[in-house]
Amino acid sequence: MRATDLEAPFSGVRVPRGSATTVAARARALSTVLGDRVVFSHLTAARLWPLELPREQDNEPLHVAVRHPGRAPRRRGVVGHAIADPEVRAVVRHGLRLTDGATLFCHLAPILRLEDLVAVGDALVREPFRQVAGDRRQWVARGALEARVAAYRGPGAPAARRALTLVRSGAESRKETEFRLALLGAGLPEPELQVPVHEAAGFIGRLDTLYPRWKVGGEYEGDQHRTDRVQWDRDLIRYERLAAAGFSIVRVAAASFLRDPAGCAARVRARLLDAGWRPDL
1398 MRATDLEAPF SGVRVPRGSA TTVAARARAL STVLGDRVVF SHLTAARLWP
1448 LELPREQDNE PLHVAVRHPG RAPRRRGVVG HAIADPEVRA VVRHGLRLTD
1498 GATLFCHLAP ILRLEDLVAV GDALVREPFR QVAGDRRQWV ARGALEARVA
1548 AYRGPGAPAA RRALTLVRSG AESRKETEFR LALLGAGLPE PELQVPVHEA
1598 AGFIGRLDTL YPRWKVGGEY EGDQHRTDRV QWDRDLIRYE RLAAAGFSIV
1648 RVAAASFLRD PAGCAARVRA RLLDAGWRPD L
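Numbering (our numbering), first residue to last: 1398 to 1678.
Laid out in structure tokens, this is it:
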């Protein structure tokens, strides 16, 4: 390979030109010159885990950490951290050394908005009904996260404790977490998450959020529910069966929620009121 076909994303690192365009690709390139005591941390570790975060920025710096008194790495495009916390552990995911999930939650507390940090917590403690081969969930047990946050005294500790009170196991995506938080922010009761619904003929499906007492649910629908014809047909049948079984479902499209989350929560509130819920109950 000619020198003109290579580029140097970091000092001492050469990769094929144009190949290091994402955080993951740049992290793999940087890992070739990091010592075995260095881990990826903060936003970089979260993206590598991977956890859903706000959109990756162009040329976003990579965060790496070393245990104090080691010296934090210093390179162009790298933010180094020297960490004195003895509870920090290294885990290997996808061939890269990252800070452990409970520590990562704490390290993100002073960086992320509350709802984004809650979404990270939801993802870490989630036990999905479909497991991925080779990457079994939960990533962090709820009790372990609670213990880590309770003992944490670093930057953002109050924010971590606040976010933890809102973390639940069940949300399948960051947007589902945001939808749940919008419902709570509107003064609605806490919904159950990923609830299986059955009728006499059998299983109908799982609902993102459900208020079983009032048989009112809310479904956040990404754009694939509109563009995928198979998904569209499946949804039609599922919602017909839910209606026949007496459930009232508010379907929240991604664009609508992005534009007016409070309005989407108000639609759920109206259905709950129609079903007999009262704010003082």
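Backbone N, C-alpha and C define an ideal beta-carbon position, used for all residues, glycine too. No experiment lies behind these values; they were computed from the predicted model shown.
Query: Cβ neighbours of residue 1532 in the same chain (closer than 6 Å, five flanking residues each side left out); Result: none
Query: Limits of the alpha helix (DSSP H) - the one that residue 1658 falls within; Result: 1658-1671
Query: Continuous alpha helix (DSSP H) stretch holding residue 1648: start and end; Result: Unbroken run through residue 1648 is the beta strand (DSSP E), 1645-1650; no alpha helix (DSSP H).
Query: Helix, strand or coil at residue 1593 [DSSP, three-state]; Result: strand
Query: Classification of residue 1463 by the beta-carbon crowding that lies within 10 angstroms, buried from 16 upward; Result: buried
Query: Residue 1529 - containing beta strand (DSSP E), residue span; Result: Here residue 1529 belongs to no beta strand (DSSP E), and DSSP marks it neither H nor E.
Query: Whether residue 1612 touches residue 1672 by CB criterion (8 Å); Result: yes
Query: Option in 1432, 1451, 1433, 1615 with minimal Cα separation from residue 1441; Result: 1451
Query: Outcome for residue 1460 when other beta-carbon atoms lying within 10 angstroms are tallied against a minimum of 16; Result: buried
Query: Cβ pair residue 1589, residue 1609 closer than 8 Å; Result: yes
Query: Contact under 8 Å by Cβ, residue 1601 with residue 1592; Result: no
Query: Run of the beta strand (DSSP E) containing residue 1617, from where it starts to where it stops; Result: 1613-1618
Query: Which listed residue (1465, 1510, 1540, 1669) has its alpha carbon closest to that of residue 1498; Result: 1540
Query: Burial state of residue 1423, where buried means 16 or more other Cβ atoms lie within 10 Å; Result: buried
Query: Burial state of residue 1637, where buried means 16 or more other Cβ atoms lie within 10 Å; Result: exposed
Query: Whole alpha helix (DSSP H) elements within the stretch 1450-1528, 4-residue minimum; Result: 1498-1505, 1511-1522
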